[in-house]
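>
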Amino acid sequence: MRFIDNREELRDHYKTPSDRAVRKELGALDGHCRAFIEKSPFVLIGSSGGAGNGDVTPRGDRPGFVAVLDDTTLAIPDRPGNNRLDTLENVIANPAIGLLFLIPGMNETLRVNGRARITVDEALRELLAVDGKKPATVMIVSVEACYMHCAKAFMRSALWDPQSWPARGAMPTLGQILTDQLAMTTPADHTDRALEEGYRKSMW
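UniProt numbering puts the first residue of the sequence shown at 1, with every later residue one more than the last.
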């Protein structure tokens with residue numbers, strides 16, 4: 001198998017991007033971008049560590065959980081998770097990140113690229129608290145580029161169409177997957193119950 005290893009050869013296999021595709025990239029958040037983020041309950045964060053290993057992680061909460069501090073600054077609270085800290089440790093080593101904001105039922109998405117830092121600023125953590133529970137840390141993103149992404153990927157996948165969804169029973173539970181992958185002796189249904197209990201007690 002031969003691989004492409006230079007930009008010129010890569011470009012030979014694609015058409016020139018349209019003027020609109022090039023010019024739609026903004027250097028700061030406009031009113032449409034701000035409104036999209038304020039309605040979004042879900043964002044994917046792409047990061048890369050010092051060794052160059054890539055990672056994508058989901059973040060979700062009530063719509064607008066990512067705070068728009070100004071036209072070039074976002075604040076993303078870190079809610080309770082598995083404490084691996086893959087994304088946060090990546091940001092410490094390499095601040096470059098990419099964000100993809102989604103709104104359920106909407107095929108278009110918002111892409112934001114920039115640089116991130118981690119803070120434990122008390123006032124900001126208080127601002128982003130839910131039911132009195134403050135995030136452990138907050139990721140501050142300095143926006144460098146943002147633009148709306150077209151609907152083709154979501155249209156091809158029919159992501160929001162319930163008729164295209166596989167039956168939940170067609171896939172094993174997370175408890176069963178972990179039992180198999182980790183060769184656990186604990187019954188899968190016990191692990192599922194423990195996970196559900198953890199969800200109830202530590203969502204925020």
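C-beta: ideal position from N, C-alpha, C; glycine also.
Kindly indicate if chain C contains any beta-carbon less than 8 Å away from that of residue 70.
Considering every chain present, this structure includes no chain C. It has just one protein chain.
> So what does DSSP say about residue 15, is it helix, strand or coil?
Here residue 15 refers to the residue found at position 15 when the sequence shown is read from its first residue. Three-state result, residue 15: coil.
> Counting only the same chain and skipping the five closest in sequence on each side, list residues whose C-beta sits under 6 Å from that of residue 116.
In the sequence shown, the residue the question calls residue 116 occupies position 116. Taken in chain order, the residues that qualify are 91, 95, 97, 139 and 141.
> Assuming residue 146 is part of the beta strand (DSSP E), what are its boundary residues?
Taking the sequence shown and counting its residues from 1, the one referred to as residue 146 is at position 146. Residues 138 to 149.
> Where does residue 125 land, buried or exposed, given buried means 16+ other C-beta within 10 angstroms?
The count along the sequence shown starts at 1 and reaches residue 125 at position 125. Result: buried.
> Checking 8 Å against the spacing of the C-beta atoms, do residue 45 and residue 59 come in under that value?
As a working note, residue 45 is residue 45 in the sequence shown. As a working note, residue 59 is residue 59 in the sequence shown. Yes, Cβ-Cβ distance for residue 45 and residue 59 is below 8 Å.
> Which residue comes first and which comes last in the alpha helix (DSSP H) that contains residue 217?
Limits of the chain in this structure are 1 at one end and 204 at the other, which puts residue 217 out of reach.
> Rounded to a whole number of angstroms, what is the C-alpha to C-alpha distance between residue 1 and residue 10?
Within the sequence shown, the letter at position 1 stands for residue 1. Within the sequence shown, the letter at position 10 stands for residue 10. Cα to Cα, the separation comes out at about 15 Å.
> Would you tell me roughly how many angstroms separate the C-alpha atoms of residue 105 and residue 166, rounded to the nearest one?
Taking the sequence shown and counting its residues from 1, one reaches residue 105 at position 105. Taking the sequence shown and counting its residues from 1, one reaches residue 166 at position 166. Taking the straight line joining both Cα atoms gives about 18 Å.
> Do residue 29 and residue 146 have their C-beta atoms within less than 8 Å of each other?
Along the sequence shown, one-based indexing puts residue 29 at 29. Along the sequence shown, one-based indexing puts residue 146 at 146. Contact: yes.
> Check whether the segment 146 to 162 touches the segment 178 to 185, counting contact only when three or more Cβ pairs, one atom from each stretch, lie closer than 8 Å.
With a cut-off of 8 Å, the segment 178 to 185 and the segment 146 to 162 do not count as touching, because too few Cβ pairs lie within range.
> So, is residue 150 buried or exposed, given that buried needs 16 or more other C-beta atoms within 10 angstroms?
Residue 150 sits at position 150 when you count from the first residue of the sequence shown. By the 10 Å Cβ count, residue 150 comes out exposed.
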